[in-house]
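Each remark here refers to the structure printed beneath this line.
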Amino acid sequence: MTKTLVTGYPRVGSERELKFWTEDYFRGNLTADELQKNAAQLRLEQWKRQQRQGIDFIPSNDFSFYDGVLDTAYLLGAVPQRYRELGFNELDTCFAMARGYQGKSGDVKALSMRKWFNTNYHYMVPQLDEKTQLRLSGSKPFEHYSQALAEGIHTVPVILGPFTFLKLAQYKANRQPHDFADEITSAYKDILERFDKLGCEWIQIDEPSLVTDLTKQDIALFVKLYQKIHSFKGNVKLRLQTYFGDIRDIFKELINLGFDGIGLDFVEGRQSLELIEKHGFPKQTVLAAGIVNGKNIWHNDYKQSLELLGRLSSYTDKKNIVISTSCSLLHVPYTIENETEMQQIQKRRFAFAHEKLQELCDLQRIFDEGDFYKDSVYIQNTVLMREKLGTDEEIRKKTSALIQNDFVREPAFAKRAKIQKQALELPLLPTTTIGSFPQTREVKAWRSALKKGEISKQAYEQKLRSKTASCIDEQERLGLDVLVHGEYERNDMVEYFGERLDGFLFTRKGWVQSYGTRCVKPPVIWSDIRRTAPITIDIITYAQSLTQKPVKGMLTGPATILNWSFPREDISGREMAFQIALAIREEVLELEKAGIRIIQIDEAALKEKLPLRRSDWYSDYLSWVIPAFRLVHSGVKPETQIHTHMCYSEFEDIIEDIEDMDADVITFEAARSDLCIVDALKKANFKTQVGPGVYDIHSPRVPSKKEIEELITKMLKRIDKKKLWVNPDCGLKTRGEKEVMQSLQNMVDAAQSVRETLR
Ligand code: GLN
Ligand code: ZN
């Protein structure tokens, strides 16, 4: 009989319980014991659910309080000295590495954070330096395995593999992946041995880095690592799990390495089937066929999936096929059952994590029974798949009528830079923020009161206005040069726009973890997109009316709206991006008309969906996503300054494409990644003005004036003083008001001091 497998489950809890417990712990309102106890209960419920549903291979160690890569770093002893010196236990050491720490025991910054492959999940980047010695140093995976076992549940521990770990790490003191090969393999052997002793049958080793472009050295490193790991002769079976694409560069080597199981992604892995057809698949090896999409929320197409399974069974024994999720379900919400307000006609199109368990089991049953044309579940599914989603003919006509000129802003950058300089009269090193100010409990309470009908829309808007007004006051007092309205009206930068455009569908509880305790609630692109009314004009013009200084109009760009939504699967990304771009373009032009002189179009998620393989970058993505951005702003006057903002991604390798967005100013994250990006900008002769973040807002730590001054001075060695802006690295909405005001004051003071030295 075919089996079913889940490669990872969401962990925040269907009501985001874990988030709230953890944050309570941060605030000192929950003890470490309580936190651990609650988390253990949550894990148990999730294992039980999968067991009840009939999943054969249930993962453990997919749970984390903050991030799985961070946990792996701890497990392997990759804890930099400065965190060890705090003298904390495992839990608090990990939190200090994740968030930084400032208090009685010391003052340390957090590790860098990066996007997890092509998802909106962020992992903590392990740091390997001259002192690092990798060896088994933690016990979490064993504890979780044992916890499940004590309840009679045999789980498959999930461990991030050594290759991906070494590929994702950051190296100091000239060390490199190869230097750690021996240490890390013995650490993994120890891990296997421990699991062997616990009587564990299968281990899942995740190696998502295999779906990226691999060099000869990479392949050699991989083979070296695993040959050694395989020399461990115990009873534990290893499944090498890959996801987010196909493994074309290493498939041939991999199938000969003697793994007991190999997991392949057939959703994003365009060549996965072809590779098997071409090279075959070892008969004794279990094939975990990832066919239930772990990243999107549309129902699985059973016909398509069963056809694929049918084809696979001609290359390997049917009994060796395991039907699996394409990747961890971490990237989808818990359950459509929570969407009590969604219409049935919409609900039935979707499968979230719980429902995907059902899909796995449906597919298993239908595949095993073989007679699917008579199966009622199968027939229902094929009917559903034939239903068309909404089309707006007028919008379709507009996107297909776009011509070259619609994507070009006139005059060219240099000319309009001069015009803007005169029009805006900003000082050297202008200071600004990225848009949002702290969303205090008070602000959130207003929003929830409005939702519950406890206050009128009018009263709500009045409150927002007064909050916006005090935000403007504060910024004036701090001495910032370019102000923002604070984004108090926004729950989320994508949801806010989605809710005000035609074509989006919203969930009540469709939360997905983004980083640490932060979750996002991506909208669903449900039909064609259209702007039907002004979105931000009112609040921005109000903010501008309160000050002589320029207030930035604050919008979200098409790539980000698209990438942070669950996209349709029936039309192209290009079509969706252009539809969104046309809608946001209308808003840009209206802001300009209303007297707004600077407009920021956030593209926080631009890099996120960049294909993992270089050969697909242009054909699949950049060739339409960059033009979509230009389409948004190409209609403005030369004196209107267009800003954009990006975060958490290495965009060194697409600098030319970013330049090609033709913005006037770009702000981005830099403080956490040692200015590498600033060096790259210099090298590329970047023309756009830049604001590399001078401090990390994802940590509650307050940067000192001196530290910011030093950073600005360093930046000035690489960037022309006429082109440098001074700002935090991202929006401030997740921070507390007090720490924000202190940080910004230090930032403004630092900019002023450096400015004086430039006169
Ligand atoms: N303008 C947004 C804010 O300040 C940008 C957020 C982001 O980049 N993620 O919150
Ligand atoms: Zn940002």
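Under numbering that gives the first Met the number 0, the first residue of the sequence shown is numbered 0, with each subsequent residue one higher. All residues carry an ideal CB built from backbone N, CA and C; glycine is no exception.
| Asked | Found |
| --- | --- |
| Please name the residue, chosen from VAL664, PHE87 and ALA750, that lies closest to PHE412 on a Cα-to-Cα basis. | VAL664 |
| Tell me whether GLY556, by its Cβ, gets closer than 8 angstroms to a heavy atom of the ligand ZN. | no |
| Any heavy atom of the ligand ZN closer than 8 angstroms to the beta-carbon of GLU668? | yes |
| Going by beta-carbon coordinates alone, are ALA580 and PRO557 separated by less than 9 angstroms? | yes |
| Taking MET766 as part of the alpha helix (DSSP H), name the residues at either end of that continuous run. | Residue 766 is absent from the model: the chain starts at 0 and stops at 758. |
| Do LYS355 and GLY293 have their beta-carbon atoms positioned less than 9 angstroms apart in this structure? | yes |
| Check ARG310 in the structure and name its three-state DSSP category. | helix |
| Beta-carbon within less than 6 angstroms of ASP659's beta-carbon, same chain only, minus the 5 sequence neighbours each way: which residues are those? | ILE625 |
| For a test of the three-state rule: what should DSSP assign to PHE667, helix, strand or coil? | strand |
| Threshold first: 4 residues or longer. Then list the alpha helix (DSSP H) segments lying entirely within the stretch 155–205, N to C. | 161–167 and 180–196 |
| Can you have a look at GLU0 and say buried or exposed, based on whether 16 or more other CB atoms are within 10 angstroms of its CB? | The amino acid at residue 0 is misidentified as Glu; the sequence shows Met. So MET0 counts as exposed. |
| Buried or exposed, going by whether 16 or more other CB atoms sit within 10 Å of the CB of PRO727? | buried |
| Any heavy atom of the ligand GLN closer than 8 angstroms to the CB of CYS470? | no |
| By how many angstroms is the C-alpha of ARG530 removed from the C-alpha of PRO207? | 39 angstroms |
| Mind reading off the beta-carbon distance from THR6 to PRO58? Whole number of angstroms is fine, and I expect it under 8 angstroms. | 6 angstroms |
| Hey, which unbroken runs of the beta strand (DSSP E) at 3 residues or more fall wholly within the stretch 267–340? | 285–291 and 320–324 |
| Among the candidates LYS223, ARG247 and SER185, whose CA atom is the shortest distance from the CA of THR211? | ARG247 |
| So, for ARG174: in the same chain, excluding its five sequence neighbours on each side, which residues have a beta-carbon less than 8 angstroms away from its beta-carbon? | LEU127, ASP128, GLU129 and THR131 |
| Bridge partners of LEU237, per DSSP? | ILE202 |
| State the Cα-Cα distance for the pair GLU409 and VAL635, rounded to the nearest angstrom. | 9 angstroms |
| Buried or exposed for ILE344, going by 16 or more other Cβ atoms inside 10 Å? | exposed |
| Tell me, please, which residues DSSP counts as bridged to MET123. | MET112 |
| Tell me whether the beta-carbon of ILE320 lies closer than 9 angstroms to the beta-carbon of SER313. | no |
| With a cut-off of 8 angstroms on the beta carbons, I'd call ALA95 and VAL107 a contact; round off their distance for me. | 6 angstroms |
| Roughly how many angstroms separate the alpha carbons of ALA186 and PHE62, rounded to a whole number? | 21 angstroms |
| Under DSSP, the alpha helix (DSSP H) around LEU144 begins and ends at which residues? | The question names Leu, yet the displayed sequence has Tyr at residue 144. From DSSP, the alpha helix (DSSP H) with TYR144 extends over 139–149. |
| Looking at C-alpha atoms only, which residue of THR315, ILE296 and ILE322 is the closest neighbour of GLU304? | Note that residue 304 is Ser in the sequence shown, not Glu. Considering only alpha carbons, the answer is ILE322. |
| Going by the CB atoms, is the gap between ILE158 and ASP205 shorter than 9 angstroms? | yes |
| Nearest CA to the CA of HIS644: which residue from PRO637, GLU638 and ALA662? | ALA662 |
| Report the residue from ARG26, ARG113, ALA352 and ARG83 whose alpha carbon sits nearest the alpha carbon of TRP46. | ALA352 |
| Taking ARG489 as the reference, give the member of ILE641, ASP480 and ARG499 with the closest Cα. | ARG499 |
| Would you tell me roughly how many angstroms separate the C-alpha atoms of SER375 and LYS18, rounded to the nearest one? | 40 angstroms |
| Residues with a Cβ closer than 5 angstroms to any heavy atom of the ligand ZN, in chain order? | ALA603, CYS646 and CYS729 |
| Can you tell me whether ARG629 is buried or exposed, with buried defined as 16 or more other CB within 10 angstroms of its CB? | buried |
| State the start and end residues of the unbroken beta strand (DSSP E) segment that holds TYR100. | 100–102 |
| Comparing alpha-carbon positions, which option in GLN741, GLY735 and LEU743 lies nearest PHE26? | A small fix is needed here, since residue 26 is Arg in this sequence, not Phe. Ranking the options by Cα distance to ARG26, first place goes to GLY735. |
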